[in-house]
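Please read the structure below before turning to the comments.
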Amino acid sequence: METPSTPAPKRILVIRWKCIGDVLFTLPATEMLRENYPDAEITYFVSRENRFLMEGFDAVDQVWTLDRNALRGRGFARELLSLAGLVLRLRRTRFSLVVDFQGYGETAWLTRWSGAPVRLGFTHRASRRPAYTRSFDLAHHRHTAELYTSGLAETGLRLPAAANRFRLDQRHDADARRYLADHRIPSGQALVYLQPFGSDAARCWPLDRYLTLAQLLRERGATVLFGAGPDERKKLAGAAAAGFHVIDGLPRMTDIGLLGMADLVVGGETGFLHLAAALGRRTIMPGTSGSVWPYGHPDWRITSPDDRLTGIPVERIWREAEIALAEATQRPRP
């Protein structure tokens, strides 16, 4: 990307608004930008509800946010004023390079409006490509994070050796350890975090199988935690009645701290599972051939011969969990 006529960028804007997993898929590419342009100032533009993820993006210097939900609700006028100010700021900042990983019509327009001499875009829509100086197609047979890094590599950038690293601040790790101590959850045993739910119920392994898996894990001597969002905790009444710990009302970053302590995380195609992989944790994803596997580990996605989630028996996940926990005993605990 750097040529005699195009010097190294001084100010870089990265755009990806949503969702948790998709924002995380930009982590290797963002690290790639930092590795290749160590002196550049990198700004990340993300939706407000996902701003917490930026705590783990070491490469990012500044964060811009937008509340897209407010633009559709009661906060419309206030957020519209905020957006207008941001649009002016976008132009005045004079970015050298903008990378639009979102590919929406709005983000394509903002990328073009920035006036940056180099504008890279990842989009399915041919109508949006004129906004970019170079655009990249999104092929479904590859991992999204690989599409992003390979696109940047086509411009001449090199990929760092360890690019998928979500940094967890020590205070969140300490909060997670305090939570375990306060709830008298043993710390000397293998710790397994189960995440049965996701935004799309059709992509979730049946809950009763998670409960059976949890019982097998407990019989093996592991400590099992069930994670869930506020709207899903009632569904875990059976898990709580069986004596399993259901994480309830934790700050988001403390919950992530628990993920970072786990020896194994089992869950569907959710942002939290991809976050666990970025924290360096061993994961197992019951999925289908269409599920986006944990980055760098396609073998951690478990499918059935008929490619249905209901076709994956508990025994298959249990065998994989036994292997994973045996491997965990060979590694130091975080």
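When we follow our numbering, the leftmost residue of the sequence shown carries the number 1, and every step to the right adds one. Ideal Cβ positions, reconstructed from N, Cα and C, are used throughout, including at glycine.
Terminal residues of the continuous alpha helix (DSSP H) containing residue i?
i, result
"V266", "No alpha helix (DSSP H) contains V266, which is instead part of the beta strand (DSSP E) from 264-267."
"R177", "170-182"
"P28", "27-36"
"T149", "144-154"
With the cut-off set at 7 Å, would you say residue i and residue j are in Cβ contact?
i, j, result
"S82", "V98", "no"
"A29", "L152", "yes"
"K10", "S150", "no"
"R142", "Y132", "no"
"G296", "S304", "no"
"R301", "W293", "yes"
"L225", "I247", "yes"
"R167", "D58", "yes"
"T144", "F25", "yes"
"A222", "V265", "no"
"A190", "L325", "yes"
"R209", "E269", "no"
Name the DSSP bridge partner or partners of residue i?
i, result
"T270", "Answer is none; T270 lacks a bridge partner."
"V192", "V224, L264"
"P286", "I302"
"E41", "R11"
"S47", "L66"
If we count the other Cβ atoms within 10 Å of its Cβ and call it buried at 16 or more, is residue i buried or exposed?
i, result
"N50", "buried"
"P286", "buried"
"D306", "exposed"
"G21", "buried"
"N164", "buried"
"N36", "buried"
"G267", "buried"
"T43", "buried"
"S135", "buried"
"T254", "buried"
"P196", "buried"
"A181", "exposed"
Which residues mark the beginning and the end of the beta strand (DSSP E) in which residue i is found?
i, result
"V23", "It is not in any beta strand (DSSP E) - V23 instead sits in the alpha helix (DSSP H) that spans 20-24."
"I323", "Where I323 is concerned, there is no enclosing beta strand (DSSP E), although the alpha helix (DSSP H) it sits in stretches over 314-328."
"S114", "Counting along the chain, S114 falls outside any beta strand (DSSP E), and DSSP gives it neither H nor E."
"F136", "134-136"
"V98", "97-100"
I'd like to confirm something about residue i: is its beta-carbon nearer than 6 Å to some heavy atom of the ligand GTP, or not?
i, result
"H274", "Inclusion of the ligand GTP in the displayed structure is not the case, the ligand content being empty and no account of it being possible."
**Message:** If we require 3 or more residues per run, which beta strand (DSSP E) segments fall completely within the region 211-269?
**Reply:** 223-226, 264-267
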